[in-house]
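J.:
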Amino acid sequence: MIKSTHQVTIPLPIDKVMGLFKNQDYFKEWQKGLVSFENLTPTIGQPGSKRSMRIKAAGTTITMVEQITAIDLPHLWEATYRTKGVLNKQSNYFKEKVIKKDNQTYKVTVWKSTATFSFTGMMRIIARGRPQIFTTQTHQHMEDFKTFASTM
1 MIKSTHQVTI PLPIDKVMGL FKNQDYFKEW QKGLVSFENL TPTIGQPGSK
51 RSMRIKAAGT TITMVEQITA IDLPHLWEAT YRTKGVLNKQ SNYFKEKVIK
101 KDNQTYKVTV WKSTATFSFT GMMRIIARGR PQIFTTQTHQ HMEDFKTFAS
151 TM
């Protein structure tokens, strides 16, 4: 098992961050490697909803199924991601903070994410040998979202 926690601060209020984060039309803008996705359930963005995602990673294209497990927006969004040999439990926490700089007040959103990866079969060996493949992916998506959101 591999567990990692990452945090980024996005220079936008939480309501704007949520508008961008939840919108499927923007996924390809900040989820590098995302080739396509398909909603597998009639409800979208609710606990229990699922989508299939095709992602280019490590020189190949993998298919994984995302299932949303808990939502309490704007503060919590949890999901699991399953593909052959890998289960990723992802917990995302959002908190708005008010900061003062140069006699001005700004609202920013602090996004903290915890990812727990479990492995079976051949993926256990890959994870032991190259754990950074898994730990850096979450942080990269967060940084990419921050960059995307900051330009909107």
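Take the sequence shown: its position 14, counting from 1, is numbered 14 in full-length UniProt numbering, and each next residue is one higher. Idealized CB from N, CA, C, for every residue including glycine.
Just to confirm before moving on: does the CB-CB distance between I68 and P47 stay below 8 angstroms?
T.: Yes, Cβ-Cβ distance for I68 and P47 is below 8 angstroms.
J.: Report all residues from its chain with a CB closer than 6 angstroms to the CB of G33; omit the five preceding and five following residues, and keep chain order.
T.: Here the set comprises I55, K56 and A57.
J.: Just tell me which of G19, E29, N23 and K22 has its CA closest to the CA of H141.
T.: Among G19, E29, N23 and K22, the Cα nearest to that of H141 belongs to E29.
J.: Between which residues of its own chain and T105 is the CB-CB distance below 8 angstroms, once the five residues before and five after are set aside?
T.: Excluding residues within five positions, the ones whose Cβ falls inside 8 angstroms are V98 and I99.
J.: Could you please give me the residues that DSSP links to D72 through a beta bridge?
T.: In the DSSP output, where bridge partners are listed per residue, D72 has L76.
J.: Which residues does DSSP pair with V98 in a beta bridge?
T.: Answer is K107.
J.: Taking DSSP as the reference, what is the three-state secondary structure of M64?
T.: In the structure shown, M64 sits in a strand (DSSP, three-state: E or B).
J.: Going by alpha carbons, who is nearest to V65 out of H75, K50, L73 and D72?
T.: Answer by Cα proximity: K50.
J.: Using the rule of at least 16 other Cβ atoms within 10 Å of the residue's Cβ for burial, across every protein chain shown, is V17 buried or exposed?
T.: Buried is the call here.
J.: Quick check: the region 8-23 against the region 118-127, are there 3 or more CB pairs under 8 angstroms?
T.: Counting Cβ pairs under 8 angstroms, fewer than three are found: no touch.
J.: Please find out if some non-hydrogen atom of the ligand FAD comes closer than 7 angstroms to the beta-carbon of Q46.
T.: Summarising the ligand content, the structure contains no ligands, and the ligand FAD is consequently not present.
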